[in-house]
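The structure under discussion appears below in the form of structure tokens.
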Amino acid sequence: MKIFLKYTVLTLAVLLVLSAEIFAGGGRRNGTAGAQELLIPVGGRGLSLNGSYIAGIEGSEAIYYNPAGLSLMNSSVEVLFSQMNYIADIGVSYAVVATQFEGFGALGLSIKSIDFGDIPVTTVEAPQGTGSVFSPTYVTIGLTYSNYLTDRISVGANFKLISEKIMRVSATGFAFDAGVMYNGFAGLEGLKIGIVLRNLGPSMSFDGPDLLRVAEDPLSNRGFQYYQIDAAPFELPSQLELGIAYERSFANDIKGLVMTSFENNNFSNDQYKLAAEFSYNDLVFLRGGYAFQPEADDNPSFEDEENIFGVTLGAGVKLKTALDITVDYAYRFARFFDANHLFAVKLGF
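Start counting the sequence shown at 117; every next residue gets the next number (the working numbering).
Following this line, the structure appears as structure tokens:
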């Protein structure tokens with residue numbers, strides 16, 4: 117397994133060297149990627165910190181943000197559930213089961229499901245609706261492995277199966293995440309750095325019976341024929357993110373954590389993120405974050421309305437009983453839509 121971890125680090129290094137080409141995003145490529153559900157954040161702590169804590173987020177919640185943090189879990193087994201009210205009445209459900217094995221590392225299984233609700237079926241003949249409804253099914257299943265390379269460096273990888281189904285057409289693909297965390301960077305205790313690559317994988321395309329069309333060639337005697345529409349393939353929304361964080365303890369059991377990260381997106385504008393967390397006695401947590409896009413200032417074609425998210429806030433409570441129970445709430449401002457609200461519960465055994 118150590119060999120696998122070394123190859124993971126080597127892969128990260130190579131991709132970082134090539135990242136200028138791989139992640140040449142923005143401009144005319146904006147909005148052309150598919151599988152956008154991969155970018156919807158999960159977990160109460162991660163969302164309330166605006167996804168910027170890739171340098172040290174630990175346990176089951178790290179699977180989405182930086183899989184290297186899975187091996188930092190404080191329990192032998194963790195179970196995480198989160199539910200978010202996303203934009204336009206869309207619901208996002210997320211669940212994780214993770215465990216540690218002595219001498220092997222940590223394994224996690226995750227599933228994310230998007231609930232679009234019932235959508236009326238419309239046709240050319242019935243633009244107001246046929247009376248029928250449909251509900252798209254978008255599910256992402258992940259298998260994650262993480263371990264320590266040294267007492268300060270952890271690495272991790274996440275393999276994801278992506279399934280999208282809309283009525284009688286569907287698309288299936290897979291993606292790969294890889295990350296590294298370094299605690300005690302430059303010999304300074306509490307200083308952490310992290311690097312993560314997300315959503316690397318081949319293009320996807322839709323196929324199915326609803327892409328069949330009936331047509332007649334007036335120049336032939338073959339009558340009506342079925343023709344298959346070839347759906348254009350779409351690429352995955354790959355990301356490269358680099359982050360740094362610093363944690364310090366103060367008097368009266370108060371801890372402070374500040375962090376920042378830079379997120380390079382290959383099909384959307386890049387983002388800078390800032391966030392902070394304060395905790396008392398590792399029982400009560402207050403969090404906040406902010407994300408902004410530099411193109412708003414130096415790109416004449418950039419419209420500020422493209423950045424619909426910005427401020428995030430959140431709080432958490434940890435109950436130390438026979439189980440470690442953590443309850444988190446996260447709020448994210450959304451321009452043009454109702455704000456996002458997320459509730460999460462994490463159990464440690």
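Positions of the beta carbon are idealized from the N, C-alpha and C atoms, including for glycine.
Here the structure is a predicted model, which is why all the values come from computation and not from measurement.
Q152, DSSP secondary structure in three states = helix
message = Quick check: the Cα distance between R448 and A392, rounded to an integer number of angstroms?
response = 15 Å
For F292 and L316, believed in contact at Cβ under 8 Å, the rounded distance = 5 Å
ask   = Among G464, E177 and A455, which one has its Cα closest to the Cα of A438?
value = G464
ask   = Beta-carbon separation of D323 and S279 under 8 Å?
value = Their beta carbons are not under 8 Å apart, which means D323 does not touch S279 by this criterion.
inquiry  = Going by C-alpha to C-alpha distance, which of Q152, V158 and E153 sits closest to A446?
reply    = Its Cα nearest to that of A446, the residue V158 stands out among Q152, V158 and E153.
query = Which one or two residues does DSSP pair with M320 in a beta bridge?
reply = F350
inquiry  = For a quick check, are the C-beta atoms of P353 and A273 less than 8 Å apart?
reply    = no
key: Beta-carbon gap between I227 and I257 smaller than 8 Å   = yes
message = Given a cut-off of 8 Å on the beta-carbon distance, is the pair E379 and K371 in contact?
response = no
ask   = Where A348 and M283 are concerned, what is the direct C-alpha to C-alpha distance, given to the nearest angstrom?
value = Rounded to whole angstroms, A348 to M283 spans 18 Å at the Cα level.
ask   = Going along the chain, which residues of its own chain have a beta-carbon closer than 8 Å to the beta-carbon of D398, five neighbours each way excluded?
value = D369, K371 and K434
ask   = How many Å lie between E177 and A214 at the Cα?
value = 10 Å
C-alpha distance - V271 paired with I173, whole-angstrom precision = 13 Å
Beta strand (DSSP E) segment containing R364, residue limits = Q355 to S365
task = Please check the pair G185 and K389, which I expect to be a contact at CB under 8 Å, by giving their CB distance rounded to whole angstroms.
result = That belief does not hold up - the Cβ atoms of G185 and K389 are roughly 16 Å apart, past 8 Å.
ask   = For M375, which residues from the same chain have a beta carbon less than 6 Å from its beta carbon, with the 5 sequence-adjacent residues on both sides left out?
value = S168, Y169, A361 and A391
request  = Measure the CB-CB distance between Y396 and V427 and report whether it falls below 8 Å.
outcome  = No.
query = Does the beta-carbon of G339 have 16 or more other beta-carbons within 10 angstroms, so that it is buried, or is it exposed?
reply = exposed
key: Residue from D444, T246, N385 and T288 whose Cα sits closest to the Cα of S319   = Checking every option, the nearest Cα to that of S319 belongs to T288.
inquiry  = the ligand GTP and I206: does any heavy atom of the ligand fall closer than 7 Å to the residue's C-beta?
reply    = Questions concerning the ligand GTP fall outside what the structure shown contains, since it holds no ligand whatsoever.
message = Excluding the 5 residues flanking I235 on each side, which residues of the same chain have their C-beta closer than 7 Å to its C-beta?
response = V249, F250 and S251
ask   = Start and end of the alpha helix (DSSP H) containing S164?
value = S164 -> alpha helix (DSSP H) spans G160 to S164.
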